[in-house]
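In what follows, a structure is listed as structure tokens, so that the remarks can point back to it.
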Ligand SMILES: Nc1ncnc2c1ncn2[C@@H]1O[C@H](COP(=O)(O)OP(=O)(O)O)[C@@H](O)[C@H]1O
Ligand SMILES: Nc1ncnc2c1ncn2[C@@H]1O[C@H](COP(=O)(O)OP(=O)(O)O)[C@@H](O)[C@H]1O
Ligand SMILES: [Mg+2]
Ligand SMILES: [Mg+2]
Ligand SMILES: [Mg+2]
Ligand SMILES: [Mg+2]
């Protein structure tokens, strides 16, 4: 049985999507000439500002291209579904947004992305464009706490990019912008659960198998296996399981503030996200933590996968200021 | 086989969702005391302003409660999944937002909603609160063009409520606000296609049957059958079929401006919506019409149903101004 | 033997049980030509009505208040289409037996007929438009026609039940002029109206109640 | 008989055909321990490489340029992990045969070994870490070991192919230290590494090519 999708040829899906994005948001975005997978903010990149280039595979929309705009990322390099972009669009992005003070690359920590972005950075160095890289590693399910640098980057991207984008928009120096980005990443924790798979447009077949009454805790946003598989539990029990892990990692003190993201992996509807949010709030109340801001919805998806993730960003004064800084992207406004 | 959902007891889903909404968005929303299904904007309702109350069944999130906020609706009365709210929360909404110059009820044209809102209006009249009602009827698939008033209200709600909310926020008189709301509805056209069903939290069973390679053209947002069932076609062919109907209804002239909404019914991911958007743009270009603004995403859903709808609002100077008017809602900002 | 508030409490409890047993079936019927929630709506409404009514002090509450309580509870639990329709039905039943401390057979029959009236008044549907009216109208008519000096109470309701079933079956061949199904034209032919189906269940519960009382 | 640009064009075409035949199977392998796209990535990359190489004027293009063209095309079509890995493999192969107008058997063998080198250089993986290196490294070693005066060209590659298959099979019992699967600990045991599986296919195509040339 094939998954039903509203697409044309599977191999054209990413490029046609990008054409649709430009058709819908010409006031926010454009593509570099003859490089349709290098998507640039109309407003934002400028002289003297650190350029922020994000990117990764398609299929996570609105991550990445939805976060390109004034106050957030300057450009996104777009790969095939669940596949890193190659170096060419990455380089095109960097050249389009370079303000002369350095370009920051930020993306999820995946072998493919690292190799492609590193190749791009090496070649840009030949053109005297200084590049530094901050990998996002917020997925607490993907490696133990003492090996944070091996973790995957998942929905926490939204807050981490947001903070870094604000730092760049506020004209932080290259050093300071890099520091702020690392700081944001270090204080952001995500964990998710998947209930059912998605299908790639080229195969229309489920990308993993899961039982009719099972869930996978810690599932990656590309359908990579997580930490455990078990029977589907209630929203409260699942939320507790995720929150237990996040709170244990975060080591916050009573009175600390957090930003919360309850994110759908795709087909889990808002009703379920808000039911989880209710429990998140109860747990945070119980721990004496204050919700400074919350996002609930489709922020970092895996096509039509069912499931959800919870992200907590442990705020301090600086991160709070950066998260509150206004931004105006095609798919995200603050 | 049961649909997997991240919920607790199915019967508690709506109330728990609302608790989550208030936990996430306390700066935007509150519920009337002892009436948890009457959700009111913190900012917006005020003396001298027509109060705008929207509402309907749950399961369409972010419709309705996501559109409560400054510049848009003042309150939403929330029903069970796919069921009109009863009169009590509707009345509570009206009393909370009444600014002394009248309250406008706006909701989709469904028998259940009409009966419940009308009962509320009758009772409010006893309290000297003047209520007028504007039904949304944008679903062109649900009745022929000469019977517009029998049509269902679907995703076009977003634009219609947006225009009416702006009119109220701009302190239009009661007459003028009602006129603007009717005008917005009269110029808004939606048609959708469904690929797979959703399940109500209480049953966890698909709410309709559809073949593995079939689609339903004109499906309602509660899974009501549409105008025709047939084999699933490519995104371009489906988009053309919808656009043919919308353009035929709209009778626009070259150079006219439109607002576009490409909406997911739930689990259809943004990738597919933007692939459709690309074709919408091509068709509008072909007709010589100008896209003034576009929304692409989950705006009016049917839980996790797969499918999409396209809405065109035929702008004139007034509607354009109303659509561009700023708004600040928990789930929608302009 | 008059019908007391206690009896009515039992009646509402019976209706709730009978509807619950058919909940998923009613959802399936509604899935075919509506939005698939009719079983949930009727279950929630009947359950709420039964609970609210059960909470009344039977020694202090006249029958009219039982119906009014049921109306309010049903309405607030449901919304939907069935909410105002059944709420109005129960309110009209309450109005029909206003001031009666207990109900005679005749009172109860008038209350029953008033329910059908209330549904039609609220929904503006006529017989033949593929709604619950196609069960309620013939049922009320059958009971009223049979009601004459000497006729047995429960026979009237047996006839009402049979008329409701027939009326419900007849909706299979109708197109719809009211409610969600009214936009579907010929496509609804072959499907029973879910509201008529649940009406037949409610009316059968009432008939069972009548039989129980008589027998 | 030397290996010409035309021959290399055929080789890339063969690889593309063989990978396409296993596309869905490779996706399934990747679905178990990765993100399910490896077949798509390899198919897209090999197809792009074959097309780009086919578009070259064989009479004007030296073998080194064939490899470089393949590298660029593969990389830009794929990204992912396989993109830089195979792109670097092809670039190193190109560098190994720089300035040669045609390739001797020895040249081709050096190019083959350079591919394995390139993959390791780019990905920093060692044998035993459950990656494509577990197919490429033993294959290159086997071919180099067998290559001596008098050995037949195609026998070297038959041995390489066998070593690749064995290496691929051996990944079944490994935990992963590189790539997506590296976070899964013991859960990946029992599953073949998809990159090793596709490497075995590519190497088998090369062996077929060698046989065809010799035979
Ligand atoms: N105007 C009306 N008059 C009488 N009955 C109606 C009317 N509109 C709808 N109905 C009945 O309501 C039933 C549907 O009820 P339900 O599913 O609970 O509500 P909704 O359609 O709001 O989901 C229909 O099958 C029909 O019998
Ligand atoms: N560092 C590495 N060195 C060698 N091979 C690697 C490395 N990382 C990943 N791989 C190989 O890449 C394969 C996955 O490729 P592919 O699915 O195309 O990329 P992605 O993981 O980006 O989706 C793995 O099975 C593994 O063989
Ligand atoms: Mg991938
Ligand atoms: Mg309903
Ligand atoms: Mg219904
Ligand atoms: Mg992969």
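Chains as they are written, first to last, in the UniProt record's numbering: chain A, 1 to 334; chain B, 1 to 334; chain C, 1 to 215; chain D, 1 to 215.
Beta carbons are placed, not taken as given, at the ideal position from N, Cα and C, and that holds for glycine.
These numbers were taken from a predicted model, which means no experiment stands behind them.
- Residues of the region 128 to 160 of chain A with a C-beta less than 9 Å from any C-beta of chain D: 139, 141, 142, 143, 150, 151, 152, listed in chain order.
- In the assembly as shown, residue 60 of chain D is an exposed residue. Its beta-carbon has fewer than 16 other beta-carbons within 10 Å.
- Beyond the five residues adjoining it in sequence on each side, residue 273 of chain B comes within less than 8 Å, by CB distance, of 262, 263, 264, 296, 297, 308 in the same chain, given in chain order.
- DSSP places residue 221 of chain A outside any beta strand (DSSP E), giving it a letter other than H or E.
- DSSP lists B:104 as the beta-bridge partner residues of residue 132 of chain B.
- By the Cβ criterion, the region 114 to 125 of chain A is in contact with the region 86 to 101 of chain A, since at least three pairs of Cβ atoms, one from each stretch, lie closer than 8 Å.
- Residue 10 of chain A places its beta carbon 8 Å or farther from that of residue 79 of chain D.
- Per the CB criterion, closer than 5 Å to any heavy atom of ligand 6, the qualifying residues run in chain order as D:30, D:34, D:35, D:37, D:38.
- Ranked by Cα distance from residue 153 of chain D, the options D:135, D:104, D:62, D:76 are led by D:104.
- In the pairwise beta carbon analysis, the region 37 to 55 of chain B is classified as touching the region 64 to 75 of chain B: at least three pairs are separated by under 8 Å.
- DSSP places residue 271 of chain A in the uninterrupted alpha helix (DSSP H) bounded by 270 to 286.
- Contact annotation: the region 99 to 118 of chain A touches the region 143 to 161 of chain A, with at least three C-beta pairs closer than 8 Å.
- Contact annotation for residue 81 of chain A against chain D: 37 [CB-CB distance below 7 Å, chain order].
- Taking C-beta atoms as the reference points, residue 86 of chain B and residue 55 of chain B fail to come closer than 8 Å.
- Beta bridge pairing from DSSP links residue 189 of chain A with A:312.
- Along the region 99 to 130 of chain C, going in chain order, the ones with a CB nearer than 8 Å to a CB of chain B are 122, 123.
- Here residue 96 of chain D has 107, 110, 111, 113, 114 as same chain residues with Cβ atoms under 8 Å from its own Cβ, once five neighbours each way along the sequence are excluded.
- Across the structure, residue 319 of chain A and residue 204 of chain D are spaced so that their CA atoms are roughly 54 Å apart.
- With a cut-off of 8 Å on Cβ pairs, the region 184 to 196 of chain D is in contact with the region 32 to 48 of chain D, counting three or more such pairs.
- Under DSSP, the beta-bridge partners assigned to residue 103 of chain D are D:3.
- With respect to residue 199 of chain A, residue 205 of chain A sits close: the two C-beta atoms are nearer than 8 Å.
- Of all residues in the region 143 to 170 of chain C, none has a C-beta nearer than 9 Å to a C-beta of chain B.
- Per DSSP, reduced to three states, the secondary structure at residue 183 of chain A is helical.
- Residue 69 of chain C carries a helical assignment under DSSP once its states are collapsed to helix, strand and coil.
- Residue 126 of chain D and residue 116 of chain A have their C-alpha atoms some 20 Å from each other.
- As DSSP reads the structure, residue 231 of chain A sits in a beta bridge with A:214.
- Counting only the Cα atoms, residue 98 of chain D lies some 26 Å from residue 164 of chain D.
- The nearest non-hydrogen atom of ligand 5 is 7 Å or more from the C-beta of residue 199 of chain C.
- Distances from the alpha-carbon of residue 216 of chain A to those of D:187, D:208, D:132 put D:187 closest.
- Looking at the DSSP output, residue 294 of chain A bridges to A:260.
- In the three-state DSSP reduction, residue 242 of chain B falls in the helix class (H, G or I).
- Rounded to whole angstroms, residue 175 of chain C and residue 185 of chain C show a C-alpha spacing of 6 Å.
- Distance from residue 299 of chain A to residue 63 of chain A at the Cβ level is roughly 7 Å; contact confirmed, criterion being Cβ atoms closer than 8 Å.
- Against chain C, the CB of residue 174 of chain B has no partner CB under 8 Å away; the residue lies outside that interface.
- At a cut-off of 8 Å between beta-carbon atoms, residue 115 of chain B makes contact with chain C.
- With a cut-off of 7 Å, the C-beta of residue 85 of chain D is classified as near ligand 2, since at least one heavy atom of the ligand falls inside that distance.
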